[in-house]
Amino acid sequence: MYSTLSSVFMLCILAAVILGVATKNWKLSFLGMSFFMTCLAVVTSIQSDMFHLSPVVLHEPWFTTTLVDFYDNIMIISFWVVYKENNWLKSVLWIAAFIILGSIATAFYVFLQLTKLTKGQTIEDVLCRRSSL
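Below is the structure:
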């Protein structure tokens, strides 16, 4: 029962992400992505202990590649946040959140940036440093 409910809930969130993309409602998409990954992490944590991975998994080349890919993406996003933010402490805290929470924090960061857009600004304005953002 629990698994079915969590699957239905996550499908609803994923549908919101797709609807957001289809309608170019980027705030809905990024908030939905953050919620989706949060739910997936909670469900996975309940079903599996991440601190006791099988040696087969640990020695799998794709496991290593996935970790390197994750941290490479964290570096790219971190460079953008340092460029975008005017406050070093804020940048460091966001980077720590990206490392600890992954795409949950990344999607939420982009969602927050999108909420700061004023009328007439577009998603492209999120990428650039603005004193008002």
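Numbering of the sequence shown is given in the working numbering, commencing with residue 84 and proceeding in unit increments.
Using N, Cα and C, we set each Cβ at its ideal position, and we do this for glycine too.
Nearest-angstrom Cβ-Cβ length linking residue i and residue j, presumed shorter than 8 Å
{"i": "Phe-218", "j": "Ala-190", "result": "Absent from the structure is residue 218, since the part of the chain shown begins at 84 and ends at 216."}
{"i": "Lys-107", "j": "Leu-197", "result": "That pair is no contact at about 11 Å."}
{"i": "Val-126", "j": "Ser-89", "result": "5 Å"}
{"i": "Val-193", "j": "Phe-113", "result": "5 Å"}
Local conformation of residue i per DSSP, three classes
{"i": "Asn-170", "result": "coil"}
{"i": "Cys-211", "result": "coil"}
{"i": "Leu-216", "result": "Low confidence applies to Leu-216: its pLDDT is 45, below 50, so where it sits in the model is not reliable, and the reading given next is rough at best. In this structure, Leu-216 counts as coil in the three-state DSSP scheme."}
{"i": "Ser-218", "result": "No answer is possible for residue 218: it lies beyond the span of the chain, which begins at 84 and ends at 216."}
{"i": "Gln-204", "result": "coil"}
{"i": "Asp-132", "result": "coil"}
{"i": "Asn-108", "result": "coil"}
{"i": "Ser-137", "result": "coil"}
{"i": "Gly-103", "result": "helix"}
{"i": "Gly-185", "result": "coil"}
Residue i burial status per 10 Å Cβ neighbour count (16 or more: buried)
{"i": "Ile-178", "result": "buried"}
{"i": "Gly-203", "result": "exposed"}
{"i": "Met-116", "result": "buried"}
**OP:** Specify whether the stretch 89-96 and the stretch 114-133 touch according to this definition: at least 3 beta carbon pairs, one from each stretch, less than 8 Å apart.
**Re:** yes
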